[in-house]
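Participant: So for the sequence shown, the working numbering puts the first residue at 2; every next one is plus one. Mind looking over this structure? Questions follow.
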Amino acid sequence: MISEKIQSALNEQLKEEFFSSYLYLSMAAYFEEKNLKGFANWFRIQSQEENMHGLKFFNFIVQKGGKVSLKQIDAPKIDWKSILELFTDSLKHEQKITGYINNLTELSMNEKDYATHTFLQWFITEQVEEEANVHEIIQKLEMIGDNKSGLYMLDNELGSMSATSAVE
Ligand code: FEO
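This is the structure in structure tokens:
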């Protein structure tokens, strides 16, 4: 079993992961509109991964005999002034999620909920990777500046990526 406090916090994070999926799908749509298919592909993959993160929370709550309660998901932003602004938003969002995961981990320690604590370790590692990936793209975009052929090359690079994660 899990405590009411932990259950409620896990359900809240489940919602945040699905919001992330929605946000990244909105970012994919922004790039589809600009015909930047590689960037769109990258965000489609991010969206799928966030969906998988949400399902991990779903599965864990079920396994622990808790109650899943799905909450309303806010509408994400749909427009950005520039590609760089969009990626900066994406990084800020991931940093916010990292903060939520850290708070959840702290709560699990305070509640002496070792199973939840162990479950969250995967997310702590994942957040390091996700922040690093977005940061790397931001650095490339800063280097590219207004150079159209640089942007074309980055679009090709991101277009060659494929999803690797699966729901466990
Ligand atoms: Fe599931 Fe990108 O945090």
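We treat Cβ as the ideally placed atom computed from N, Cα and C, and that holds for glycine.
(1) Taking all protein chains shown into account, do 16 or more other C-beta atoms lie within 10 angstroms of the C-beta of Y31, making it buried, or fewer, making it exposed?
(2) Which word fits W43, buried or exposed, when buried means at least 16 other C-beta atoms lie within 10 angstroms of its C-beta?
(3) Is it a yes or a no for the stretch 21-37 touching the stretch 87-96, going by three-plus beta-carbon pairs under 8 angstroms?
(4) For the candidate residues L152, A164, S161, S163, whose alpha-carbon lies nearest to that of K35?
(5) Roughly how many whole angstroms lie between the Cα atoms of K16 and L108?
(6) Taking K6 as the reference, give the member of E112, F124, E130 with the closest Cα.
(7) Starting from V63 and walking both ways along the alpha helix (DSSP H), at which residues does that stretch end?
(8) With C-beta atoms as the reference, is A10 less than 7 angstroms away from L105?
Facilitator: Concretely, from the data shown:
(1) It is buried - the Cβ of Y31 has at least 16 other Cβ atoms within 10 Å.
(2) Its Cβ being crowded by 16 or more others within 10 Å, W43 is buried.
(3) Enough Cβ pairs lie closer than 8 angstroms, so yes.
(4) Taking only the C-alpha atoms, the option nearest K35 is L152.
(5) C-alpha separation (whole angstroms): 18 angstroms.
(6) Cα-wise, what sits closest to K6 is E112.
(7) Residues 38-64.
(8) Contact check for A10 against L105 passes: the beta carbons are separated by less than 7 angstroms.
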